[in-house]
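Protein chains in written order, with our numbering: chain A, 1 to 332; chain B, 1001 to 1332. Written out below as structure tokens is the structure these notes cover.
There are 2 protein chains.
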Amino acid sequence: MPSRPTMHDVARLAEVSTKTVSRVVNDEPRVDPLTRERVVQAIATLGFQRNEQARSLRPGQRSTLIGMVTGDLGNPFYSAIARGIDEVGRLHGYLLLSSSSEEQPARERQLIETLLRHNVDGLLIVPAAGDHRYLTPTMLTDVPLLVIDRPITEEHAFDTVVLENRQGAFEAVTALIQAGHRRIGVIEGDSEVYTGSERMQGYFSALKHAGITPEASLVRRGFHGGSQAERATHDLLNHPEPPTAIFATNNRIAVGVLSGMKGTGTWLPLACFDDFELADMLPVPVTVVTYDAAEMGRSAAELLFARLNGLAGEPVTKSLPVQVHTYPAVRS
Amino acid sequence: MPSRPTMHDVARLAEVSTKTVSRVVNDEPRVDPLTRERVVQAIATLGFQRNEQARSLRPGQRSTLIGMVTGDLGNPFYSAIARGIDEVGRLHGYLLLSSSSEEQPARERQLIETLLRHNVDGLLIVPAAGDHRYLTPTMLTDVPLLVIDRPITEEHAFDTVVLENRQGAFEAVTALIQAGHRRIGVIEGDSEVYTGSERMQGYFSALKHAGITPEASLVRRGFHGGSQAERATHDLLNHPEPPTAIFATNNRIAVGVLSGMKGTGTWLPLACFDDFELADMLPVPVTVVTYDAAEMGRSAAELLFARLNGLAGEPVTKSLPVQVHTYPAVRS
DNA sequence: GTGAAAGCGCTAACAA
DNA sequence: TTGTTAGCGCTTTCAC
Chain A
1 MPSRPTMHDV ARLAEVSTKT VSRVVNDEPR VDPLTRERVV QAIATLGFQR NEQARSLRPG
61 QRSTLIGMVT GDLGNPFYSA IARGIDEVGR LHGYLLLSSS SEEQPARERQ LIETLLRHNV
121 DGLLIVPAAG DHRYLTPTML TDVPLLVIDR PITEEHAFDT VVLENRQGAF EAVTALIQAG
181 HRRIGVIEGD SEVYTGSERM QGYFSALKHA GITPEASLVR RGFHGGSQAE RATHDLLNHP
241 EPPTAIFATN NRIAVGVLSG MKGTGTWLPL ACFDDFELAD MLPVPVTVVT YDAAEMGRSA
301 AELLFARLNG LAGEPVTKSL PVQVHTYPAV RS
Chain B
1001 MPSRPTMHDV ARLAEVSTKT VSRVVNDEPR VDPLTRERVV QAIATLGFQR NEQARSLRPG
1061 QRSTLIGMVT GDLGNPFYSA IARGIDEVGR LHGYLLLSSS SEEQPARERQ LIETLLRHNV
1121 DGLLIVPAAG DHRYLTPTML TDVPLLVIDR PITEEHAFDT VVLENRQGAF EAVTALIQAG
1181 HRRIGVIEGD SEVYTGSERM QGYFSALKHA GITPEASLVR RGFHGGSQAE RATHDLLNHP
1241 EPPTAIFATN NRIAVGVLSG MKGTGTWLPL ACFDDFELAD MLPVPVTVVT YDAAEMGRSA
1301 AELLFARLNG LAGEPVTKSL PVQVHTYPAV RS
């Protein structure tokens, strides 16, 4: 069972010391061109690849690994973020370790500890609901932590990248109002506490701005996924004085609302936070709040590397812009 | 700048040797309960976390890291696979390193080398097009490689997990035929050479099975994304004798086809490989080939860990079943 | 039941 | 320009 060649093997073959091999591998100057050539040859012959784990064991050396924790690796929103992080990470010679918390605080904490045991140089998380006071400076010795999408507002402050949730919701709801709607139902997904409540605030301030009194019976809060939203939609449509349009705080909810409309046969204009595919193919006009999720990942990663490269100062919060777009209804 | 505590620190505090700390950390027997307690205390006090990189440096020790390479981390198909891998990995105490090849062979190779330098214990890849003969047993010393979605048919054989592409396409096209269609256009996405051609074979054998002679002018091959497929759809619809239904070899293409139909105002029943959201909300009936992408990841990861745990024998190919479903058209 | 010594593969400091 | 020595944090002999 032949094992991977080491610097020692290369050194023997090239008849130099391991240190010289190290110099060549690291492109250090002050190596005789001929010596270098011999070493390069030996490396090629043996197919030598430096062991990064051994390398990063030396103090002062980095692991060139960053860690990411999101609620669900399989969720397109999170994977778009991962993609953005990976893009920037690659530019810096970094690899990304990623895993899912399943939105469970305990799992999230465990995951972060595991990532730290693997010596990640930095951490990016989309925090699950729950207490994050365990994220102490001691635990995170020299490891910058970036918070994405939902700020952590407890004890310690961290660099943060979020969307303009309130503004986006405001504009989307305002678009409905400008289309003539005054009774606008709303269904809030609660799984993301922060984003949900920010978007609800946008909804309310749009109503207020237009001089519309919000009506409690049109406001449905705390729904988890599509099927719950579907039932909430039924309720809303069976209201004695039903809304003439609906706002959904995210695209999971929006899909549920659409199912609900399909089930009842009552099609109402829809607005929601998050774009989604085929929104332009529906029998109702759909107003969406769009943004670049990969850009969230890139921004966060860039900030992380800035910290790694010595950027000092107070934690920063970056708000990424969103855009509102309305797809007209398709009639078949 | 305080750095992370080491076993040495714990040992000093607990007044034992590092070896004893190691025993406690690794739950080895033969440690005096009182000693153990002292060590546990010291670990808690210092917040000690074992350094996994140092640990896996010892021969025979594993890194508990696996690596994954796909074409695009942000693509929901790949991220569903990643999710499946992560699920199984977690059960085995493994963390997942993942990155995107951007479907570029050179990048893929570079990525695999980088992952190996980081001492991954196993590798899972969705191979990009191109030559993979560089994946030699020497390069992969003791590192099992699992191939997902598109087999590698060159020199070396690897464990492989794929979908029943041909069968799925056959059934989807057959569904169109049973609905009365005999002129069925097809648009093939070529980015995934293997899956595309397998699905085309399914298309042709469905026609043959129904006694329909395929017509070259209804077959459009080698389109990359939605916008190209949109143009191909225009062509098809402007055909002197247009098809009465269209089959798309993947959901990217299907979305393009739908845009094309929307543009021309001619709505035709559609079938495609891959399910997609809101397929049930369209003005045409949509037949989709569905499957569990996360299951591909899980299957692949399970096979990988079986290899890591000593499973011997010839490389295995596993075909995952698919299902066909038809969504009726919605009329508004 | 516990510890001392050696070494995994690499690089920093210092010599030659 | 090159090599020697030491040691990163851990685990593995093998003593005691």
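The beta carbon of each residue, even a glycine, is placed where N, CA and C say it ideally should be.
{"Asked": "Of all the CB atoms in chain A, is at least one closer than 8 Å to the CB of Asn1119/B?", "Found": "yes"}
{"Asked": "Can you give me the C-alpha to C-alpha distance between His1325/B and Gly1189/B, rounded to a whole angstrom?", "Found": "21 Å"}
{"Asked": "Check the C-beta distance from Tyr1094/B over to Thr1064/B and give it rounded, since I have them as a contact under 8 Å.", "Found": "5 Å"}
{"Asked": "How many angstroms separate the CA atom of Gln1228/B from the CA atom of Glu277/A?", "Found": "17 Å"}
{"Asked": "The segment 248 to 259 of chain A: which residues have C-beta closer than 7 Å to a C-beta of chain B, in chain order?", "Found": "Val255 and Leu258"}
{"Asked": "Just by C-beta distance, which residues in the segment 38 to 53 of chain A are closer than 7 Å to chain B?", "Found": "Gly47, Gln49, Arg50, Asn51, Glu52 and Gln53"}
{"Asked": "Indicate the three-state DSSP secondary structure (helix, strand or coil) for Leu1073/B in the structure shown.", "Found": "coil"}
{"Asked": "Would you mind reading off the limits of the beta strand (DSSP E) that contains Leu1163/B?", "Found": "Asp1159 to Leu1163"}
{"Asked": "At which residues does the alpha helix (DSSP H) containing Phe1305/B begin and terminate?", "Found": "Ala1293 to Leu1308"}
{"Asked": "Does the beta-carbon distance from Glu1102/B to Asp1072/B come in below 8 Å?", "Found": "yes"}
{"Asked": "Would a C-beta distance cut-off of 8 Å place Leu1146/B and Asp1131/B closer than the cut-off?", "Found": "no"}
{"Asked": "Confirm, please, whether the CB-CB distance from Met281/A to Leu1218/B is below 8 Å.", "Found": "no"}
{"Asked": "Of all Cβ atoms in chain A, is any one closer than 8 Å to the Cβ of Ala1229/B?", "Found": "no"}
{"Asked": "Return the residues of the segment 1277 to 1294 of chain B that lie within a Cβ-Cβ distance of less than 9 Å from chain A, sorted by chain order.", "Found": "Glu1277, Leu1278, Ala1279, Asp1280, Met1281, Leu1282, Pro1283, Val1284, Ala1293 and Ala1294"}
{"Asked": "By the 10 Å Cβ neighbour count, where 16 or more other Cβ atoms means buried, how is Tyr109/A classified, buried or exposed?", "Found": "A small fix is needed here, since residue 109/A is Arg in this sequence, not Tyr. Buried, because 16 or more other Cβ atoms sit within 10 Å of the Cβ of Arg109/A."}
{"Asked": "Under the rule that 16 or more other beta-carbon atoms within 10 Å means buried, what is Glu1155/B, buried or exposed?", "Found": "exposed"}
{"Asked": "Which runs of the beta strand (DSSP E) at least 3 residues long sit entirely within the segment 1214 to 1302 of chain B? Give them in chain order.", "Found": "1219 to 1223, 1245 to 1248, 1270 to 1273 and 1286 to 1290"}
{"Asked": "Write down the C-beta distance between Arg50/A and Val25/A rounded to the nearest angstrom, noting that I regard them as a contact closer than 8 Å.", "Found": "6 Å"}
{"Asked": "Which residue wins for smallest C-alpha separation from Ser1079/B, given the options Ala1300/B, Ala1294/B and Gly1196/B?", "Found": "Ala1294/B"}
{"Asked": "Using a Cβ cut-off of 8 Å (strictly closer), state whether Val31/A contacts chain B.", "Found": "no"}
{"Asked": "Which residues in the same chain as Ser1100/B place their Cβ atom closer than 7 Å to its Cβ, once the five residues preceding and following it in sequence are excluded?", "Found": "Thr1070, Gly1071, Asp1072 and Leu1073"}
{"Asked": "In chain B, what lies closer than 9 Å to Ser99/A by C-beta?", "Found": "Asp1086, Gly1089, Arg1090, Leu1095 and Leu1096"}
{"Asked": "Can you look up Ser1197/B in the DSSP assignment and give me helix, strand or coil?", "Found": "helix"}
{"Asked": "Identify, in the order they occur along the chain, each residue of the same chain with its Cβ nearer than 8 Å to the Cβ of Arg231/A, setting aside the five sequence neighbours on each side.", "Found": "Gly260"}
{"Asked": "Is there a Cβ from chain A that is less than 8 Å from the Cβ of Ala1082/B?", "Found": "yes"}
{"Asked": "Taking only beta-carbon positions, decide if Pro1076/B is within less than 8 Å of chain A.", "Found": "yes"}
{"Asked": "If I measure Cβ to Cβ from Gly60/A and keep anything under 7 Å in the same chain, skipping five residues before and after, which residues do I get?", "Found": "none"}
{"Asked": "Along chain B, which residues have their Cβ under 8 Å away from the Cβ of Thr138/A?", "Found": "Pro1002 and Gly1047"}
{"Asked": "Applying the 10 Å Cβ sphere with the 16-neighbour rule, what's the burial state of Asp1142/B?", "Found": "exposed"}
{"Asked": "Going along the segment 124 to 155 of chain A in order, which residues come within less than 8 Å of chain B, judged by CB to CB distance?", "Found": "Thr138, Met139, Thr141 and Asp142"}
{"Asked": "On the DSSP letters alone, give me the boundaries of the alpha helix (DSSP H) that His187/A sits inside.", "Found": "Checking the displayed sequence, the identity of residue 187/A turns out to be Ile instead of His. Premise fails: Ile187/A lies in the beta strand (DSSP E), Ile184 to Gly189, not in any alpha helix (DSSP H)."}
{"Asked": "Are the Cβ atoms of Arg183/A and Thr244/A separated by less than 8 Å?", "Found": "yes"}
{"Asked": "Taking the C-alpha atoms as reference points, what is the distance between Asp121/A and Ala54/A?", "Found": "15 Å"}
{"Asked": "Using the Cα positions of Asn119/A and Glu52/A, report the straight-line distance between them to the nearest angstrom.", "Found": "12 Å"}
{"Asked": "Report yes or no: is there a C-beta of chain A within less than 8 Å of the C-beta of Thr1114/B?", "Found": "yes"}
{"Asked": "Taking CB distances under 8 Å as the criterion, tell me whether Asp72/A reaches chain B.", "Found": "yes"}
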